[in-house]
Ligand code: ARG
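Structure representation (structure tokens):
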């Protein structure tokens, strides 16, 4: 049940929508003041009244009910107190009835969201820099689905460009079919790196010729290219499977080869194309941006040209409500430019394109070297996290069964959570010790809390009943409120395109549950307390599982 929604529906403010009230509501800094608060400062301008007066008026008109038992106006805040017993009854039955659907909704019904994420480059390393786009995009995919949207995951493969000519040239000179087949993406990457260090002018021109051959559909060149592409896909798909990530389309840049001309024609017809030093550009000076390059002087298309074609294609194919691009902030300008070009072309849906930017991930010092040299491949980061998780688990609980499998779930979770936990625009330093800490704000901590809750439930013999009309104590009620907030948390994560909101809420709930666990007996509790606490434990566990599942993280039964 969404209590914020419940309150927002009960408030009427002239000129302010229910949605705006809903998103303005907050949790008060301490629960003495109330359980929810509406800061009225935001409405002072629209209503031309002081926040204090607004809060006072709203207080007088708000009608309390079974769940919201008290409203007060304090210093421009409208504070709501909930009826603990009614809320507790409602939350517990909601979670226990909804199970893995708890927190979901149908707000997105009938709307399609395209998410362009991960979008790796063929024959290039899948490295730590792709971690964020992959896990943030993957989480957004699951979150929007959970909210009832139709979601299309798109891997806009980087499979276009002169580098493939270079690769063919290098392969022809130094490559061996069996070795490349066996070595996969690593072998191709080695060839590419070797080309870049050893290529002569002659080889460069050979490479250009091979690129031209791919472009013109030459059989041998295309076959080689397709082979390199399939080796890349084989490799990345294995990582996607591990990370619980799926795509509905792998239409990459090359897919748009024959879809760019209509865009160029349209730009020309709308008088947006300009010649500049032989190249074709869209001038964006008026908007404070450098020009968007559409065609090079040799007639070749650019990254932006293919993105324009891709956006139009996606609109026509999926009729999206929003199209998200989960791409590092280094590409801010690129997205601003091509969004603007679409706007200038008169596409009303240009406003529905969203660049979901995120910061850089680097590894802490000393962790840079891998068996593949300078680049840190994602598979190595994952493998290392799994190994370290194994060592930690083995030390903590040597007799545990299925240690290997558990270490995988824990290690992968740490990689994902480590990349997701911070506000996405921040640059982060990935530290193995930090993401694998049992005590920090980590997935390991959350998973460990789940294992703890699970073990209580196992020992109890799984009683499905809970005590109704039980008055929770302070620790219990903190857990109830954190569980009750979960549906809001999911919507907020979607609204802000920010999975970290869910990661943080999971840590918060785990902390509250642990406080309750330490302060209150469960299995030896007396009277109604025992069935109530077991139900609370089950509800907390379910909510934590749902939260982690949305991030692509599993929960071991034992740890
Ligand atoms: N392949 C690009 C890169 O690695 C990312 C592509 C993002 N998507 C897009 N539609 N531009 O930088």
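In this note's numbering, the protein residues as written are 68 to 626. Glycine included, every Cβ here is placed at the ideal spot set by N, Cα and C.
- Just measuring C-alpha positions, the residue of 375, 148 and 220 sitting nearest residue 417 is 375.
- For the pair residue 184 and residue 590, the Cα-to-Cα distance works out to about 46 Å.
- When DSSP states are grouped into helix, strand and coil, residue 342 belongs to the strand group.
- If you look at residue 74, you'll find it in the alpha helix (DSSP H) that goes 70-77.
- Under the DSSP assignment, residue 585 falls in the alpha helix (DSSP H) whose first and last residues are 567-586.
- For the 8 Å CB-CB criterion, residue 534 and residue 599 form a contact.
- For residue 246, the secondary structure class from DSSP, reduced to helix, strand or coil, is helix.
- Each residue's CA atom was taken as its position, placing residue 508 and residue 452 some 16 Å apart.
- DSSP places residue 496 in the uninterrupted beta strand (DSSP E) bounded by 495-497.
- In the structure shown, residue 234 falls within a helical segment according to DSSP collapsed to helix, strand and coil.
- The residues 258, 259, 261 and 262, in chain order, have a CB closer than 7 Å to that of residue 237 in the same chain once the five nearest residues on each side in sequence are set aside.
- Residue 420 holds the alpha-carbon nearest to the alpha-carbon of residue 179 among 420, 537, 541 and 352.
- For residue 377, the shortest separation between its Cβ and any heavy atom of ligand 1 lies below 7 Å.
- If you look at residue 452, you'll find it in the alpha helix (DSSP H) that goes 445-463.
- Assignment of beta-bridge partners to residue 183 by DSSP yields 221 and 392.
- Residue 199 counts as buried, since no fewer than 16 other beta carbons sit within 10 angstroms of its beta carbon.
- Relative to ligand 1, the nearest heavy atom lies less than 7 Å away from the CB of residue 374.
- Under DSSP, residue 141 forms a beta bridge with 144.
- As DSSP reads the structure, residue 424 sits in a beta bridge with 394.
- In this structure, the CA atom of residue 216 is about 16 Å from the CA atom of residue 381.
- In this chain, residue 96 is not harboured by any alpha helix (DSSP H), its DSSP state being neither H nor E.
- For residue 492, there is no enclosing beta strand (DSSP E), as DSSP gives it neither H nor E.
- Segment contact: the segment 200-219 against the segment 318-330, fewer than three CB-CB distances shorter than 8 Å; contact not assigned.
- Across the set 456, 373, 346 and 339, the C-alpha of 339 shows the shortest separation from the C-alpha of residue 413.
- Check the Cα spacing between residue 532 and each of 159, 89 and 617: the tightest is with 159.
- Residue 621 has its Cβ no nearer than 7 Å to any heavy atom of ligand 1.
- The nearest non-hydrogen atom of ligand 1 is 7 Å or more from the C-beta of residue 428.
- Taking all protein chains shown into account, residue 131 has fewer than 16 neighbouring C-beta atoms within 10 Å of its C-beta and is therefore exposed.
- Within a 10 Å sphere around the beta-carbon of residue 248 sit fewer than 16 other beta-carbons, which makes this residue exposed.
- Looking at the DSSP output, residue 430 shares a beta bridge with 497.
- Excluding five sequence positions before and after residue 448, the CB atoms of its chain that fall closer than 8 Å to its own CB belong to 195, 198, 430, 482 and 497, given in chain order.
- For residue 209, the closest C-alpha among the options 574, 126 and 569 is that of 569.
- Three or more beta-carbon pairs drawn from the segment 609-619 and the segment 562-580 are found closer than 8 Å, and the two stretches are therefore classed as touching.
- The beta carbon of residue 314 lies closer than 8 Å to those of 185, 220, 221, 222 and 307 in the same chain, with the five residues before and after it left out.
- A distance of 8 Å or more separates the beta carbons of residue 111 and residue 123.
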